[in-house]
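Chemist:
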Amino acid sequence: MKTPDQDRQRRVDAKASFAKRSGEHGVGWLAVSPALLLLVGLLFGPAAAVVLFSLTDWQLGSFTFHFIGVANFRALFTDPTFWKALTNTLVYAAIVVPGTVLLGLVVALLIEASPGLRGFYRAAHFLPVMSTMSAMAIVWGTMLHPTIGLVNRGLGAVGISGVNWLRDERTALLALALIGIWQGLGFAMVLFVSGLKAVPQQLYDAAAIDGADGVLDRLRFVTLPMLGPVTMFVVILTAKRSFEVFDSVRVLTQGGPNYASEVLLHRLYTESFDFLRMGYGAALTVIYLAIIVLLTLTQARLLERRVHYS
Amino acid sequence: MIARFPYRRFAGRIARHAILILTAAFALLPFVWMVSLSLKPPEEIFQADFHLWPTAFHGVENYRVALTAAPMFRFLLNGLLVCTAIFALQLLVCIPCAYALAKLRFRGRDTLFSAVLVGLLLPPQALAIPHFVLLNVFGLLDTYAALILPWVISTFGIFLLRQFFRSIPDEIIHAARLDGLGEFEIIWRIMIPMTTPALAAFGIFSIVAHWNDLFWPLIAVRSAEISTPALGILLFRDDEAGQFLGPLMAGAVIIVAPLLVAFLIAQRRFIDGLAVTTMK
Amino acid sequence: MAEIELRRIEKSYGETAVVKGVSLSIRDGEFLTLVGPSGCGKSTLLRIIAGLEAQDSGEVMVAGRCVDDKRPKERDVAMVFQSYALYPHLSVFDNVALPLRTRRLSFAQRLPFVGRAVPGRGGIEKVIRAEVEQAASMLDIAHLLHRKPGQLSGGQRQRVALGRAMVRHPAVFLMDEPLSNLDAKLRVQMRAEITALHRRLGVTFVYVTHDQAEAMTMSDRVAVMTAGELLQVGQPEQLYRDPQDLRVAEMIGSPKINVVSCDHWISLGASLPPGIDGNTTHLAFRPEAVGIAASGDRRLNGVVTSVENLGSDIFLNVALADGCGAVVVRTHPDISRSEPGRPVGLQIDPASLLQFDGAGMRLRQAEQVEAAA
Ligand SMILES: Nc1ncnc2c1ncn2[C@@H]1O[C@H](COP(=O)(O)OP(=O)(O)O)[C@@H](O)[C@H]1O
Ligand SMILES: [Mg+2]
Numbered sequence: 001m002k003t004p005d006q007d008r009q010r011r012v013d014a015k016a017s018f019a020k021r022s023g024e025h026g027v028g029w030l031a032v033s034p035a036l037l038l039l040v041g042l043l044f045g046p047a048a049a050v051v052l053f054s055l056t057d058w059q060l061g062s063f064t065f066h067f068i069g070v071a072n073f074r075a076l077f078t079d080p081t082f083w084k085a086l087t088n089t090l091v092y093a094a095i096v097v098p099g100t101v102l103l104g105l106v107v108a109l110l111i112e113a114s115p116g117l118r119g120f121y122r123a124a125h126f127l128p129v130m131s132t133m134s135a136m137a138i139v140w141g142t143m144l145h146p147t148i149g150l151v152n153r154g155l156g157a158v159g160i161s162g163v164n165w166l167r168d169e170r171t172a173l174l175a176l177a178l179i180g181i182w183q184g185l186g187f188a189m190v191l192f193v194s195g196l197k198a199v200p201q202q203l204y205d206a207a208a209i210d211g212a213d214g215v216l217d218r219l220r221f222v223t224l225p226m227l228g229p230v231t232m233f234v235v236i237l238t239a240k241r242s243f244e245v246f247d248s249v250r251v252l253t254q255g256g257p258n259y260a261s262e263v264l265l266h267r268l269y270t271e272s273f274d275f276l277r278m279g280y281g282a283a284l285t286v287i288y289l290a291i292i293v294l295l296t297l298t299q300a301r302l303l304e305r306r307v308h309y310s
Numbered sequence: 001m002i003a004r005f006p007y008r009r010f011a012g013r014i015a016r017h018a019i020l021i022l023t024a025a026f027a028l029l030p031f032v033w034m035v036s037l038s039l040k041p042p043e044e045i046f047q048a049d050f051h052l053w054p055t056a057f058h059g060v061e062n063y064r065v066a067l068t069a070a071p072m073f074r075f076l077l078n079g080l081l082v083c084t085a086i087f088a089l090q091l092l093v094c095i096p097c098a099y100a101l102a103k104l105r106f107r108g109r110d111t112l113f114s115a116v117l118v119g120l121l122l123p124p125q126a127l128a129i130p131h132f133v134l135l136n137v138f139g140l141l142d143t144y145a146a147l148i149l150p151w152v153i154s155t156f157g158i159f160l161l162r163q164f165f166r167s168i169p170d171e172i173i174h175a176a177r178l179d180g181l182g183e184f185e186i187i188w189r190i191m192i193p194m195t196t197p198a199l200a201a202f203g204i205f206s207i208v209a210h211w212n213d214l215f216w217p218l219i220a221v222r223s224a225e226i227s228t229p230a231l232g233i234l235l236f237r238d239d240e241a242g243q244f245l246g247p248l249m250a251g252a253v254i255i256v257a258p259l260l261v262a263f264l265i266a267q268r269r270f271i272d273g274l275a276v277t278t279m280k
Numbered sequence: 001m002a003e004i005e006l007r008r009i010e011k012s013y014g015e016t017a018v019v020k021g022v023s024l025s026i027r028d029g030e031f032l033t034l035v036g037p038s039g040c041g042k043s044t045l046l047r048i049i050a051g052l053e054a055q056d057s058g059e060v061m062v063a064g065r066c067v068d069d070k071r072p073k074e075r076d077v078a079m080v081f082q083s084y085a086l087y088p089h090l091s092v093f094d095n096v097a098l099p100l101r102t103r104r105l106s107f108a109q110r111l112p113f114v115g116r117a118v119p120g121r122g123g124i125e126k127v128i129r130a131e132v133e134q135a136a137s138m139l140d141i142a143h144l145l146h147r148k149p150g151q152l153s154g155g156q157r158q159r160v161a162l163g164r165a166m167v168r169h170p171a172v173f174l175m176d177e178p179l180s181n182l183d184a185k186l187r188v189q190m191r192a193e194i195t196a197l198h199r200r201l202g203v204t205f206v207y208v209t210h211d212q213a214e215a216m217t218m219s220d221r222v223a224v225m226t227a228g229e230l231l232q233v234g235q236p237e238q239l240y241r242d243p244q245d246l247r248v249a250e251m252i253g254s255p256k257i258n259v260v261s262c263d264h265w266i267s268l269g270a271s272l273p274p275g276i277d278g279n280t281t282h283l284a285f286r287p288e289a290v291g292i293a294a295s296g297d298r299r300l301n302g303v304v305t306s307v308e309n310l311g312s313d314i315f316l317n318v319a320l321a322d323g324c325g326a327v328v329v330r331t332h333p334d335i336s337r338s339e340p341g342r343p344v345g346l347q348i349d350p351a352s353l354l355q356f357d358g359a360g361m362r363l364r365q366a367e368q369v370e371a372a373a
């Protein structure tokens, strides 16, 4: 007679010997260990450190620091430039997101409408996505130059006198948003095209049989509803990228004039690495992190739903 | 239906091309402008009337200045070196981890995967301060290591490759084990060759991101010798020679060209690669 | 020499027990088929034999030795998978050569990049090439060696998978539904080829299928499995004639065995056969054990609902009265012609009636017990 205990022991032995033999357990840990170490050392450790920094008065190079509670956050929230940066970022996103999504959608629909020059159009619209933003921002800077710039030359040709786009408080952010749309358009287009390709032809056939056979009918009853999930995805993605705008600001305006084009990430950069106010920078980082995490979670939720639907 | 209204179809085509040419012009204009300026002498740039093609060709001179006044090739080489190193190390770290998460059973696997998912939430910019401090402590600021190390772990890469590895049937792995392959041999001989398109997609994503990145090089690097292209062009602009638009635009062309040429050669790969990696 | 012995194998995934204490002896050189409905744990049991999966308890013995602490590659078993599991990026030659390479090349010779340069590899490769070509010609795939699996038809892939398994002369062949991805015609042809292969190699085959026809036509012995348990092991003939369990009786044979409960039997006014056991709740009989007669008292009566003419045989579906179920009758075209709607009586050979109790266990009539003893 075997007791249940012996039985259990046999099971444990069998499992242990299998683990040894197949080595799945050992190999598993061996395979993930570099990633695990780096995950802790370069991701979670630092993320915790940011939160810690945000509660101290630590300065780069100093050997002591004190916990000062939420003082950094209080300083942040009473700092008008922070609010200026936040609202600017929101305004920037409010221009770039609809601009990019709408233009991207229109371009995608037109590109897919018929095969003529399709490859050329796709490549042309995608080119900005691939290009190094810092270099292209410099180019945009010359295009927006008040006298020799292409934009004002063009406006002058039709009798309008343009402004100094990047030095004018009213237009600086707008100009940056224009550049943002320019760069994001191609990517939105590509995502929309892949969404369009996924619309089953039978739906169009069914719609045609149901009497919806004009271009606009097809668009309204089939294409756009089917693109709903992709559209949401592109919106979130573009929003996230808008909150990450940095290169063009750094290269062209550095937040000026008079903070008219200051944005969160640029603020974060200048406070932390130009002025080396680490505690303040860390507090700003925490806020920034919260916003991005929220957007990413929304995006993940949407992706998940799309997976479930398909 | 459409066939009965050929004129309507024709009008539709014209409208399609009209709009697309307009938006394509918007997308391409900066490139055209950049190349145009890079071929012009200074006085022509400031002229009141504008010609796309320079009346006095100054291209050779501009590109010569760009290449001699700043170490342009050095920037490109740095970019190549840094991007390759980052991608190689990412693969080295991600592939075994992704394989283990996808196909091996070991205690703590699900916890680790949750950690990877959480890691996916962290934007790299938010870790700039601690990374900076860490590199400062080890005296690594302003070195190649500073440009490479923070990117060695890519939760995105782990996640993406895990998804692809999971799509490979278990039976293949069972067959490989019966055929006598060890786990690391399975990774090398079976998983990697079977997922090359996915690895290529991840490579394109990683290389494009780091070639174009300005934020981190700006923090980690001061000297021109190890600047990546995105930072290099800024250094050039702030330089004396960069005050002249012709050479500056020539520099921009040199910085932007490699990725764009690669893109034009392998368009489909790039577009699909970037689309696939974001949609996963 | 490779008989296999399974001793009280158990396996659960989480809370669900998938294999529940299976004991089984497989003789050396035998073709044994594990048959059962899908999801009953056949593949799991096979993977446990292969060493790809750990049993929770119990032992696997191969050739008299416990192999529980051996890795799959050390067990001297080869496996053919349902999906064939060919490596899509390798040519047919490399697919078949892989198991030889991993066994014969040294660690250094197998290293990425540098392995090719390690001395001695060329000679080994030459031998491997010869063996792969021999196996390939035996399976009639010699002309496909340079192709990739993606360029092959289903049947050709199947052969490559067989080639990869046999090239290293394993003591045991494990096959997990190897034919289920083939079309019907090819399946019948491959059945014959696999049994021929078994005869030629003379090694132990353990073959898993959910298709009872495969089990019946190919095997020396069949093990019937449901829900993680072995119900009966025996020669195909024996399982067909003498099932121990109602579930075995229902699984083996096509069309399915007819089962009528005693209650229905009585309510239909038919007399129960003589000598019936008191615990019997169900009576079962094969379609060929029924004859068509005029309807009458004391026998099962029904109405023909459909007629399937297969040329050599005719199957009549007969609905019993009062919704008491249906019975399939197998007759010869020359003997009986019937059309739907005709009322018929069923004449059942009492000697071939099988009795089962409430738990589905077989009950034997006195004379049957004697005959069996
Ligand atoms: N790796 C696994 N994890 C969890 N459950 C599994 C796993 N493999 C098989 N199962 C479950 O075990 C049962 C038996 O599976 P399997 O042995 O593949 O059945 P069969 O081959 O007889 O169709 C099924 O219910 C299946 O869902
Ligand atoms: Mg199975």
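Residue numbers (UniProt numbering), protein chains in the order written: chain P, 1 to 310; chain Z, 1 to 280; chain L, 1 to 373. In this text, a Cβ means the ideal position worked out from N, Cα and C, and glycines have one as well. All figures in this text were calculated on a predicted structure; none of them were measured in a lab.
(1) Please confirm whether any heavy atom of ligand 2 lies closer than 7 Å to the CB of S83/L.
(2) Kindly indicate which residue of V221/Z, V208/Z and D239/Z has the alpha-carbon position closest to the one of A262/Z.
(3) From V188/L to M251/L, what does the alpha carbon distance come to, in whole angstroms?
(4) Relative to chain Z, which residues along the region 224-254 of chain P have a C-beta separation below 8 Å, given in chain order?
(5) Helix, strand or coil: which one does DSSP assign to C66/L?
(6) DSSP three-state label for N279/L, please.
(7) Less than 7 Å separating the Cβ of D176/L from some heavy atom of ligand 2?
(8) With 8 Å as the threshold, decide whether the Cβ of E183/Z is near any Cβ in chain L.
(9) Would you mind sorting V92/L into buried or exposed? The rule is 16 or more other CB atoms within 10 Å of its CB.
(10) Of all the options L203/P, L216/P, I287/P and V27/P, which has the alpha carbon lying nearest to the alpha carbon of M226/P?
(11) Just to be sure I understand the criterion: a residue counts if its Cβ is closer than 5 Å to at least one heavy atom of ligand 1. Which residues meet that?
(12) Counting Cβ pairs closer than 8 Å, one from the region 243-251 of chain Z and one from the region 158-170 of chain P, do we hit at least three?
(13) Can you check which of these residues, G182/Z, C97/Z, A220/Z and L141/Z, is closest to R166/Z by C-alpha distance?
(14) Just to confirm before moving on: does the CB-CB distance between A36/Z and L52/Z stay below 8 Å?
(15) Judging by CA-CA distance, which residue of R298/L, D297/L, M166/L and V318/L is the nearest neighbour of S306/L?
(16) How is the alpha helix (DSSP H) around T78/P delimited, first residue to last?
(17) What number of angstroms, rounded off, separates the C-alpha of R21/P from the C-alpha of E183/Z?
(18) May I ask you to list, following chain order, the residues of the region 82-111 of chain P that have a beta carbon less than 8 Å from some beta carbon of chain Z?
(19) Counting contacts by CB-CB distance shorter than 8 Å, is N62/Z in contact with chain P?
(20) Taking 8 Å as the CB-CB cut-off, is C97/Z touching chain P?
(21) Apart from the five residues on each side of it in sequence, which residues of its chain come closer than 7 Å, Cβ to Cβ, to L86/L?
(22) Pull out every residue of the region 127-154 of chain Z whose Cβ sits closer than 8 Å to any Cβ of chain P, in chain order.
(23) Express the C-alpha separation of A192/L and L121/Z in angstroms, rounding to a whole number.
(24) Out of A300/P, V32/P, V245/P and V234/P, state which residue places its alpha-carbon closest to the alpha-carbon of L112/Z.
(25) Identify the residues that DSSP records as bridge partners of P343/L: which are they?
(26) If you pair each beta-carbon of the region 167-185 of chain P with each one of the region 254-271 of chain P, do three or more pairs fall below 8 Å?
(27) Could you name the residues of the region 231-245 of chain Z whose beta carbon sits closer than 8 Å to any beta carbon of chain P, in the order they occur along the chain?
(28) Between D211/L and G36/L, what straight-line distance do the alpha-carbon atoms span, to the nearest angstrom?
(29) For Y280/P, would you say it is in contact with chain Z, using Cβ-to-Cβ distances shorter than 8 Å as the test?
(30) Which of the residues in the region 190-207 of chain P, read from start to end, lie with their CB under 9 Å from any CB of chain Z?
(31) Would you list the one or two residues that DSSP bridges to F173/L?
(32) Along chain L, in chain order, which residues have C-beta atoms closer than 9 Å to that of P169/Z?
(33) So M194/Z contacts chain L; which residues on that side make the cut at Cβ distance below 9 Å?
(34) Is it right to say S267/L is buried, meaning 16 or more other beta carbons lie within 10 angstroms of its own, or is it exposed?
(35) In whole angstroms, give me the CA-to-CA distance for L260/Z and F126/P.
Modeler: Straight from the coordinates:
(1) Position 83 of the third sequence, counted from the start, is the residue given in the question as residue 83/L. Checking every heavy atom of ligand 2 against the Cβ of S83/L, none is found closer than 7 Å.
(2) If you number the second sequence from 1, residue 262/Z lands on position 262. Of the candidates V221/Z, V208/Z and D239/Z, the one whose C-alpha sits nearest the C-alpha of A262/Z is V208/Z.
(3) As a working note, residue 188/L is residue 188 in the third sequence. As a working note, residue 251/L is residue 251 in the third sequence. So the alpha carbons of these two residues sit roughly 20 Å apart.
(4) F233, L237, E244, F246, D247, R250 and V251
(5) Sequence index remark: in the third sequence, residue 66/L carries index 66 (1-based). Looking at C66/L - three-state DSSP - the assignment turns out to be strand.
(6) Mapped onto the third sequence, residue 279/L falls at position 279. In this structure, N279/L counts as coil in the three-state DSSP scheme.
(7) Translated into positions along the third sequence, residue 176/L becomes position 176. Checking the Cβ of D176/L against ligand 2 gives yes.
(8) The sequence position of residue 183/Z within the second sequence is 183, counting from 1. Output row for E183/Z: interface = no.
(9) For the purposes of this step, residue 92/L is taken as the residue at position 92 of the third sequence. With 16 or more Cβ atoms within 10 Å of its Cβ, V92/L is classed as buried.
(10) Looking up residue 226/P in the first sequence gives position 226. When each option's Cα is compared against that of M226/P, the closest is L203/P.
(11) Y13/L, V18/L, S38/L, G39/L, C40/L, G41/L, K42/L, S43/L and T44/L
(12) no
(13) The count along the second sequence starts at 1 and reaches residue 166/Z at position 166. When only C-alpha atoms are compared, the closest one is C97/Z.
(14) As a position in the second sequence, residue 36/Z is number 36, starting the count at 1. As a position in the second sequence, residue 52/Z is number 52, starting the count at 1. Note that residue 36/Z corresponds to Ser in the displayed sequence, not to Ala. Closer than 8 Å, so yes.
(15) Locating residue 306/L in the third sequence gives position 306, counting from the first residue. Measuring from the Cα of S306/L, the nearest candidate turns out to be V318/L.
(16) By one-based count along the first sequence, residue 78/P stands at place 78. First-last for T78/P: undefined, no H or E at that position.
(17) The count along the first sequence starts at 1 and reaches residue 21/P at position 21. The count along the second sequence starts at 1 and reaches residue 183/Z at position 183. Low confidence applies here, because R21/P scores a pLDDT of 48, under 50, leaving its location unreliable and the question unanswered by this model.
(18) L103, V106, V107, L110 and I111
(19) By 1-based counting over the second sequence, the position of residue 62/Z is 62. No, because no Cβ of chain P sits closer than 8 Å to the Cβ of N62/Z.
(20) Here residue 97/Z corresponds to residue number 97 of the second sequence, with the count starting at 1. Chain P, which has a Cβ nearer than 8 Å to the Cβ of C97/Z, makes this yes.
(21) Along the third sequence, one-based indexing puts residue 86/L at 86. Cβ within range, chain order: N95, P149, R157, V160 and A161.
(22) L127, A128, I129, P130, H131, F132, V133, L134, N136, L149, P150, V152 and I153
(23) Numbered from its first residue, the second sequence carries residue 121/Z at position 121. Numbered from its first residue, the third sequence carries residue 192/L at position 192. Whole-angstrom Cα-Cα distance: 57 Å.
(24) Translated into the one-based positions of the second sequence, residue 112/Z becomes position 112. Looking at the Cα atoms, V32/P is the closest of the given residues.
(25) In the third sequence, residue 343/L corresponds to position 343, counting from 1. BP columns for P343/L point to V303/L.
(26) yes
(27) L231, I233, L234, R237 and L245
(28) Along the third sequence, one-based indexing puts residue 211/L at 211. Along the third sequence, one-based indexing puts residue 36/L at 36. If I take the Cα positions, the gap works out to 8 Å.
(29) Stepping through the first sequence from its first residue, residue 280/P is reached at position 280. Judged by the 8 Å Cβ criterion, Y280/P is not in contact with chain Z.
(30) V190, L191, V193 and S194
(31) Your numbering for residue 173/L matches position 173 in the third sequence. DSSP output for F173/L lists A78/L and F205/L as bridge partner(s).
(32) To locate residue 169/Z, count along the second sequence from 1; it is residue 169. Neighbours of P169/Z on chain L, chain order: F81, S83 and A85.
(33) For the purposes of this step, residue 194/Z is taken as residue 194 along the second sequence, with counting starting at 1. Within chain L, the residues near M194/Z are Y87, P88 and H89.
(34) Within the third sequence, the letter at position 267 stands for residue 267/L. Exposed.
(35) The count along the second sequence starts at 1 and reaches residue 260/Z at position 260. The count along the first sequence starts at 1 and reaches residue 126/P at position 126. Cα to Cα, L260/Z sits roughly 10 Å from F126/P.
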